[in-house]
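Peer 1: Chains as they are written, first to last, in this note's numbering: chain L, 3 to 94; chain F, 3 to 94.
Positions of the beta carbon are idealized from the N, C-alpha and C atoms, including for glycine.
Note that this is a predicted model, so its numbers are computed, not measured.
Protein chains: 2
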Amino acid sequence: MVRTPLTPWERQRGERFGALLRRARGDRSMVEVAAAAGVSAETLRKIETGRAPTPAFFTVAALAAALDVSLDELAFACVPEADATADGALSA
Amino acid sequence: MVRTPLTPWERQRGERFGALLRRARGDRSMVEVAAAAGVSAETLRKIETGRAPTPAFFTVAALAAALDVSLDELAFACVPEADATADGALSA
DNA sequence: TCTTATACCGGTATTAGTATCACGGACATG
DNA sequence: CATGTCCGTGATACTAATACCGGTATAAGA
C-alpha cells in the first residue's frame, strides 16, 4: 500500500469538520457559499457531509474566507482529542 | 473536464506556499518537522518544492502546528497579490 | 396540482496528493 | 579507505479530492 487509506478517525474528523462548516454556513445556500468560495456545490456538499474528509488546504481556505471563519479555529475545533472537556455543541 | 487541472496561478501559489513553509522550518531538518507533523518527509519535500501545490488541509494544519505558524497567516501570505483593489470575495 | 428551488445521493471521469522504493551526496566513524 | 547513517531527491503505485450528470425528495409558490 502506497497511499494510506483514510482511517476511521480521519473520517470522523472529516464529519466534524463538515458539521462545523455547515453550522458556519447558517441559512445561506450551498450554491451561494460554493460560488463565493470558487468551488462546486457538489464539492461543498461532500465536504459538509463528510464524504470528502480531507479536502485541499486552499479549498478550505476559500470556504473559510467565504464563511468568514478562522482557519486556526476550524483546524482546532475538528480535532477529536481536543474536546475532552467541552462536550457541548458550542465547543467551537 | 471533470477535475479542473491546476492552473499556473495555483502552481505559483503552491511554490510560494512551499517557500513559506521552508522558511518557517528554518534550520530544522525535513525529517524532524515531518515526523513532528505526522507526515512523510517526502510529502513535506514535495510541498516545500511546490510539487504538491494544493496539499490536504489537515496536512497543512499539522505542519503549521509543528512549525508553530498560523494557518490564517499562511493562507494569506501565499496569495501572490490579486487583492490590491476589489478583493473580499476571493478569486472566483 | 404543477412548477421551481434547494439539498441529497449514486455513479463516473480525471487529476492530484501521499507513501514506498531506490539512488546519490555529505558526514562521521571504523 | 570502507562503511553506515542521515538527508534530500526522482520514480512509481495507489487512494482520494474535485467536477459533472442523472435521479430523488421535500418545501414554497403560482
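Starting from residue 47 (chain F), trace the alpha helix (DSSP H) in both directions and tell me its first and last residue.
Peer 2: Locating residue 47 (chain F) in the second sequence gives position 45, counting from the first residue. Counting along the chain, the alpha helix (DSSP H) containing residue 47 (chain F) begins and ends at 43 to 51.
Peer 1: Can you tell me the Cα-Cα spacing of residue 35 (chain L) and residue 24 (chain L), whole angstroms?
Peer 2: The sequence position of residue 35 (chain L) within the first sequence is 33, counting from 1. The sequence position of residue 24 (chain L) within the first sequence is 22, counting from 1. Cα to Cα, residue 35 (chain L) sits roughly 10 Å from residue 24 (chain L).
Peer 1: Verify the CB distance criterion: does residue 57 (chain F) have a CB-CB separation below 8 Å to chain L?
Peer 2: What you label residue 57 (chain F) is simply residue 55 of the second sequence in a count that begins at 1. Taking Cβ atoms only, chain L reaches closer than 8 Å to residue 57 (chain F), which makes this a yes.
Peer 1: Distance check for residue 30 (chain L) and residue 49 (chain F), CA to CA, integer angstroms please.
Peer 2: Here residue 49 (chain F) refers to the residue found at position 47 when the second sequence is read from its first residue. Here residue 30 (chain L) refers to the residue found at position 28 when the first sequence is read from its first residue. Approximately 34 Å between the Cα atoms of the pair.
Peer 1: Have a look at F:60, F:26, F:56 and flag the residue whose alpha-carbon is nearest the alpha-carbon of residue 41 (chain F).
Peer 2: In the second sequence, the residue the question calls residue 41 (chain F) occupies position 39. Per the Cα distances, F:60.
Peer 1: Output the boundary residues of the alpha helix (DSSP H) element that contains residue 61 (chain F).
Peer 2: Taking the second sequence and counting its residues from 1, the one referred to as residue 61 (chain F) is at position 59. Residue 61 (chain F) -> alpha helix (DSSP H) spans 59 to 69.
Peer 1: Which chain L residues are close to residue 43 (chain F), counting only those with a beta carbon under 7 Å from its beta carbon?
Peer 2: Locating residue 43 (chain F) in the second sequence gives position 41, where the first residue counts as 1. Per Cβ cutoff of 7 Å: no residues; residue 43 (chain F) is ~15 Å from chain L at best.
Peer 1: Please report how far the alpha carbon of residue 33 (chain L) lies from the alpha carbon of residue 27 (chain L), in whole angstroms.
Peer 2: Translated into the one-based positions of the first sequence, residue 33 (chain L) becomes position 31. Translated into the one-based positions of the first sequence, residue 27 (chain L) becomes position 25. The straight-line gap from Cα to Cα measures roughly 11 Å.
Peer 1: Taking Cβ-Cβ distances shorter than 7 Å, what residues in chain L pair up with residue 74 (chain F)?
Peer 2: Your numbering for residue 74 (chain F) matches position 72 in the second sequence. Per Cβ cutoff of 7 Å: 72, 73, 74.
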